[in-house]
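Heads up, the sequence shown stops at 729 in the working numbering, and the numbers go up one at a time, no gaps.
Note that CB positions come from ideal geometry on N, CA and C, so glycine has one too.
Small disclaimer: the values here were computed from a predicted structure and weren't measured.
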Amino acid sequence: MKKRILWIDDQIDNLKSLTLFLQNEGYEVVASSNGLDGLEKVKNEVFDLIILDQYMPGLDGIETLTLLKEYSTNIPVIMVTKSDDRDIIQNAISLKINDYLIKPINAIQLLTTIKRILENKKIISDSIGERYSNFLKKVEKSLNGEISLDSFFELHHISSSMNVILNEFLKKDIISLHEQTKENMNKVFCRFISKNYTNLLNDKNLTFSHRLFEHKVFPILKDGKSVTFILIDCMRYDQYLIFNSILSEYFRVKNDHYYSIIPTATPFSRNSIFSGFLPLEIYRIFPERWDFEDNLSQNQYEEEFIKSLAKKNGVETVHYSKVSTNEALSRYISNFSNLKNNRLNVLVINIMDIFTHIRSDSNILKDMLPDENSLLSFTGIWIKTSGILELVEKSIEFGNKVFITSDHGSIVSKNPIVLNTGKDVSINLKYKFGSSIDPQSKDLLIIEKPEDYGLPVQKPNDRWYITFGNGYFIYSTKLNQYKKEYYNTFQHGGISMEEMILPIGIVEGKYV
């Protein structure tokens, strides 16, 4: 079926060469000589695109556009105007035109603009197969060559970008292939981490959780800038790419990355971020601040940790806050003007983490959000409705740089790992510590010397056990119950690219 274009111009009879050109290119062009007639046609017919001239008697282009947007916000519009009409162009952009053309109209430029608007998605969709084939070649070449932590980041960045593209275009056959590709990549990544983690952790040039402020935040502060530090708990790299695409419409964003320590869980990763220490160092320096039994209490000292770390680095005025609902986030934003004189404002947003946990416990949410693709869609909706963009805007107005990151990611649980255990084990699904654990699988890292990994132990003979990839621990005592209950849930704490490789966005105004 031909795409239908409505061209509204009081001099439409003088544009027959262009309308004929478009017809020869396969488009149906309907002519209208004034705004009112064009509006009537839009109400009674279906169009894929509108070309609208600004200078017409009666309703001009902007007036017509305003009424068009009241009637239908979905039809793309190209505005035609003069080169010196800057105010007109600005007004048209504010009314969300899709593009504008300057008179005299060039036929090739017109065709290119129309194709970009009407066929952009089809062109991208048609090219996905070829792009994915090139991605697979890059994966194969990288995994068969000399690999490093940063080469895994490059692969994960491209893979996460593919997640976003496939989510938008719903290429089910490629989505299935991509799941298998990610699983294979994670197998190599997990072997790499298992073999090299302690050396990587000791490499002071690599940014792990405990070096995040030292490497990425304090240099900004020491350069004289104030910082709004926003940590979105449990935000994956692909979710950040959704966030970044929205941010980039309004702000200048510099992208970076870092790596979570293991276990990739809040008590470990976030305490390390804010204290600047590995968990073992926290346990030795602040033994009263570490509770092996109660995960919920292990992050109650974050404010104390970050203020102490900031003070050591010459930053005195620090404010810390944590929110777990959109309502609490709105209150924080409303009060933000009272915080504008601080050198460092830290905000932890727990909403994403809480949501993934609630989804695990709700069959209704599992049905509504069955997979990673649905999580990405939810992310875009939450970012647009939560008020976080307003917080970024206010921070920049106050002269702050905005630092956006996560403490760990998450992965969908697919591979149950059976444990035979005694009673002295931790309760987490992706990692365990204890002295009487017998895993019935090799898809995990067994840590016999926790101190080499920067991890404390409760008893001298305790070991740590951390799952690979999409694995999760279940007990042999209630095998089928646990397997069913936690299968296809988002979990974190283990070793995978999704859990360990994390985004950083440094945001400032577009015109600084």
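DSSP state of residue i mapped onto helix, strand, coil
i	result
Glu396	helix
Gly686	coil
His432	helix
Gln675	coil
His374	helix
Tyr648	strand
Glu665	coil
Ser722	The sequence shown places Gly at residue 722, rather than the Ser named in the question. Correct three-state label for Gly722: strand.
Thr573	helix
Glu385	helix
Gln240	helix
Ser627	coil
Tyr272	coil
Val405	helix
Ser249	strand
Met296	strand
Leu327	helix
Lys339	helix
Cβ shell of residue i (< 8 Å), same chain only, five flanking positions each side left out
i	result
Leu335	Lys220, Asp265, Leu266 and Pro293
Ile341	Ile382 and Phe386
Val405	Leu360 and Ile364
Asp371	The sequence shown places Glu at residue 371, not Asp. Cβ within range, chain order: Ser359.
Leu198	In the structure displayed, the chain extends from 218 to 729; residue 198 sits before or after that span and is not available.
Tyr244	Lys219, Lys220, Arg221, Ile222 and Ile331
Close Cβ partners of residue i (< 6 Å) along its chain, the five nearest in sequence each way excluded
i	result
His536	Leu556, Asn559 and Asn562
Gln675	Phe509
Glu715	Arg453, Gly626 and Ile628
Met658	Before going further, note that residue 658 is Ser rather than Met in the sequence given. Here the set comprises Ile634.
Lys611	Phe553
Asn543	Ser603
Ile410	Ile712
Asn530	Phe435
Whether residue i touches residue j by CB criterion (7 Å)
i	j	result
Ile654	Leu636	yes
Ile634	Tyr454	no
Lys631	Glu725	no
Val246	Ile222	yes
Gln708	Lys666	no
Val540	Ile566	yes
Asp473	Ile721	yes
Met569	Cys451	yes
Phe446	Ser492	no
Thr424	Tyr475	yes
Ser359	Ser350	no
Tyr699	Ile691	yes
Tyr689	Tyr670	no
Ile268	Ile295	yes
Thr298	Gln271	yes
Phe620	Val356	no
Leu256	Leu284	yes
Ile459	Thr573	no
Leu593	Asn384	yes
Classification of residue i by the beta-carbon crowding that lies within 10 angstroms, buried from 16 upward
i	result
Ile502	exposed
Ser344	exposed
Tyr288	exposed
Gln456	buried
Met379	buried
Ser376	buried
Ile490	buried
Gly711	buried
Lys442	exposed
Glu519	buried
Ala482	buried
Met273	buried
Thr329	exposed
Thr622	buried
Leu353	exposed
Val263	exposed
Asn403	buried
Asp679	buried
Ser551	exposed
Glu505	exposed
Gly362	exposed
Neighbourhood of residue i by C-beta distance below 7 Å, restricted to the same chain and skipping five residues each side
i	result
Ser486	Ser426, Ser477, Ile478, Asp624 and His625
Ser393	none
Pro656	Ile634, Leu636 and Tyr682
Gly252	Ile225, Met273, Gly275, Leu276, Glu280 and Thr281
Cβ of residue i within 7 Å of any chain B Cβ
i	result
Phe435	Reference to chain B is not applicable here, since this structure consists of a single protein chain.
Sequence ranges, beta strand (DSSP E) only - wholly within the region 428-503, length at least 3 = 443-449 and 468-476
Fully enclosed by the region 500-563, which alpha helix (DSSP H) runs are 4 residues long or longer?
-> 519-529 and 543-551
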